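Presented below is the structure to which this report refers.
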Amino acid sequence: MSPGRTINMQFNSRNQAIGKEGRKLSSFLGILARNPKLTPLNINDWRSFDGEQKNKLVELVRRKFSIPAYGKVIT
961 MSPGRTINMQ FNSRNQAIGK EGRKLSSFLG ILARNPKLTP LNINDWRSFD GEQKNKLVEL
1021 VRRKFSIPAY GKVIT
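961 is the number of the first residue of the sequence shown in our numbering; add one for each residue after it.
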């Protein structure tokens, strides 16, 4: 991934990332998850992260990937 360049994401009808972009997002999320400075091993549940930690991770993803800020509620 080139620095400063964002990847436009494509989603299917279930709002799942698809295509080459989806694979890149999945790979990037895996890299973040394996980084102990960003996602410490002693935190087992996403809900245990404080707001600042969550916002930092979301910002890292949004710098690389163009993802809509809205979501679709599935019941």
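Ideal Cβ placement from N, Cα and C applies to all residues, glycine included. From a predicted model like this one, the values you see are computed outputs, not experimental measurements.
Considering only Ser973, Lys980 and Leu1020, the residue with the shortest C-alpha distance to Asn995 is Leu1020.
Ile978 places its beta carbon 8 Å or farther from that of Phe1025.
A Cβ-Cβ distance of about 13 Å is found for the pair Leu1017 and Leu985, leaving them out of contact under the 8 Å criterion. Per DSSP, Gln1013 is one residue of the alpha helix (DSSP H) stretching across Gly1011 to Lys1024.
The shortest C-alpha to C-alpha distance from Pro963 to any of Arg1022, Arg974 and Lys997 is the one to Arg1022.
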